[in-house]
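Visitor: Numbering (the working numbering), first residue to last: 184 to 348. Every residue, glycine too, gets a C-beta built ideally from N, C-alpha and C.
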Ligand SMILES: [Mg+2]
């Protein structure tokens, strides 16, 4: 169960502040795209994202995008934000996280993984050995597969919250 629990659960990416990362000794972030930095298939970042990136950059935090989505989706979005990226990452498998950490040139202890899904972002980040930050999805999904995943996540989050009281 522990592997499915995030280190921190926040309402949105703008709630993640450099002070928190400094407390952890984290100097780099591995960022998800869909429902983390913007909604699914949306080429425009969420309004809070550009300012948040500036705050992180000023604090000396290195960042990379790691997405299970395909290059035609991920590449233009990453370029728009001036971030390096890996697409088709196969999260939660560790190989994409290892590659991202190499690109950040940081050990896993100094990295936090940020995303909206427990079974990809949180599980993958925990297996890899980084800190994990789970965000509430920007917008609820409508496909049956996503609704199933969100229902399973809800049960896990209820236990997580009970443990963190
Ligand atoms: Mg996502």
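1) How about residue 209 and residue 295: are their beta carbons less than 8 angstroms apart?
2) From 306, 267 and 196, pick the residue whose C-alpha is nearest to that of residue 245; which is it?
3) Go through its chain and collect everything with a Cβ distance to residue 189's Cβ below 7 angstroms, but skip five positions before and after it.
4) Can you tell me whether residue 219 sits near ligand 1, meaning its C-beta is under 7 angstroms from at least one heavy atom of the ligand?
5) Looking at residue 323 and residue 299, is the spacing between their C-beta atoms short of 8 angstroms?
6) Tell me the rounded alpha-carbon separation between residue 212 and residue 348.
7) Between which residues of its own chain and residue 293 is the CB-CB distance below 7 angstroms, once the five residues before and five after are set aside?
8) What is the DSSP secondary structure of residue 297, reduced to helix, strand or coil?
9) Is any heavy atom of ligand 1 found at a distance shorter than 7 angstroms from the C-beta of residue 134?
10) Could you pull out every residue in the same chain whose Cβ sits closer than 8 angstroms to the Cβ of residue 194, ignoring the five residues on either side in sequence?
11) Suppose you measure from the CA of residue 286 to the CA of residue 248; what does that come to, to the nearest Å?
12) Please check the pair residue 291 and residue 283, which I expect to be a contact at CB under 8 angstroms, by giving their CB distance rounded to whole angstroms.
13) Within this structure, are the beta carbons of residue 252 and residue 270 separated by less than 8 angstroms?
14) Measure from the alpha carbon of residue 216 to the alpha carbon of each residue in 255, 187, 184 and 203, then state which is nearest.
15) Does ligand 1 have even one heavy atom less than 7 angstroms from the beta-carbon of residue 215?
16) Looking only at its own chain, which residues have a Cβ that is under 6 angstroms from the Cβ of residue 223, when we skip the five neighbours before and after it?
17) Take residue 187 and list the residues in its own chain whose beta-carbon comes closer than 7 angstroms to its own, dropping the five residues that flank it on each side.
Guide: Taking the coordinates as given:
1) yes
2) 267
3) 305, 315, 316 and 317
4) yes
5) no
6) 27 angstroms
7) 208, 209, 210 and 211
8) strand
9) What the structure shows of the chain is the stretch from 184 to 348, and residue 134 is not part of that stretch, so it cannot be assessed.
10) 318 and 319
11) 11 angstroms
12) With 8 angstroms as the limit, residue 291 and residue 283 do not qualify as a contact, their Cβ atoms being about 10 angstroms apart.
13) yes
14) 255
15) yes
16) 217
17) 301, 305, 306 and 339
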